[in-house]
Every structure is written in C-alpha cells, then in structure tokens.
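J.: Residue numbers (our numbering): 18 to 121.
Before I ask anything, let me first share the structure, which is written out below as structure tokens.
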C-alpha cells in the first residue's frame, strides 16, 4: 500500500469515481438488456470504463496499480486451483492469466 494515501484529501475524487463506476455498470446493464441489438462498441466502452475506473479508485484509496495486478493474478490462480465453474466450463481464468502474463 502507498504510505502517502490520504482519503480525506481525496474524498471528492473518490466519490466522483464511485459515481462514474456505478454509471458505467448501469450503462452496461442497459446495453446488455437490448440483447442482440447491443452494440459491441458500447459494450467494449463500458467494460473499458469499468476497468479504468477501478484502477483509479484503487489509486485514490492508496493501493498501487501493481498491487491490484498482483491480486488479480492471485485470484485467477486460486480460481483455477479451486475449479471455479467458469474455469471448468470455458477455461476463462487460465486464458486471462496467460494473457496478463504475456502483456508485460
């Protein structure tokens, strides 16, 4: 964790990020409700926004981006070992872990 973290000084930024995050999730739900009419571009935009906002929120809360990445890898490995349904049925956790490992 970042020692310099100051939640009080970042309250407005934290609240803004939380609001934007909720908005992005809401928009994603609305787009997905359209079913086959849903635009791939809109879905991609929503997902990218959610990921970006999550990283920004972590930084405002004093958590380094690299710590988030490490936790993601740890959770993926745990899900693989525990045999989560998404892993058993589709191998998605392994694919994501491999992708994350290759991008660095």
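Every residue gets a Cβ at the ideal spot worked out from N, C-alpha and C, and that includes glycine.
(1) Please list, in chain order, all residues of the same chain as residue 38 whose beta carbon is under 6 Å from its beta carbon, the five residues on each side excluded.
(2) Rounded to a whole number of angstroms, what is the C-alpha to C-alpha distance between residue 43 and residue 89?
(3) With distances taken between CB atoms, is the gap from residue 114 to residue 93 smaller than 7 Å?
(4) The alpha helix (DSSP H) that contains residue 43, what's its start and end?
(5) Could you tell me the distance, in whole angstroms, from the CA atom of residue 91 to the CA atom of residue 97?
(6) Could you say which of 112, 72, 106 and 41 lies nearest to residue 61 if we only look at CA atoms?
(7) Would you kindly work out how many angstroms separate the C-alpha atoms of residue 102 and residue 109, rounded to a whole number?
T.: The answer reads as follows:
(1) Residue mapping note: residue 38 aligns to position 21 of the chain shown, counting from 1. Apart from the 5 residues on each side of it in sequence, residue 38 sits with its Cβ closer than 6 Å to the Cβ of 70 in its chain, given in chain order.
(2) The count along the chain shown starts at 1 and reaches residue 43 at position 26. The count along the chain shown starts at 1 and reaches residue 89 at position 72. Distance between the alpha carbons of residue 43 and residue 89 is about 23 Å.
(3) Numbered from 1 along the chain shown, position 97 holds the residue referred to as residue 114. Numbered from 1 along the chain shown, position 76 holds the residue referred to as residue 93. Yes; because the gap between Cβ atoms is below 7 Å, this pair is in contact.
(4) Counting from one through the chain shown, the residue named residue 43 turns up at place 26. That run of the alpha helix (DSSP H) goes 28–50.
(5) What you label residue 91 is simply residue 74 of the chain shown in a count that begins at 1. What you label residue 97 is simply residue 80 of the chain shown in a count that begins at 1. Rounded to the nearest angstrom, the two C-alpha atoms are 10 Å apart.
(6) Looking up residue 61 in the chain shown gives position 44. Checking every option, the nearest Cα to that of residue 61 belongs to 41.
(7) As a working mapping, residue 102 is identified with position 85 in the chain shown. As a working mapping, residue 109 is identified with position 92 in the chain shown. Their Cα atoms are separated by approximately 10 Å.
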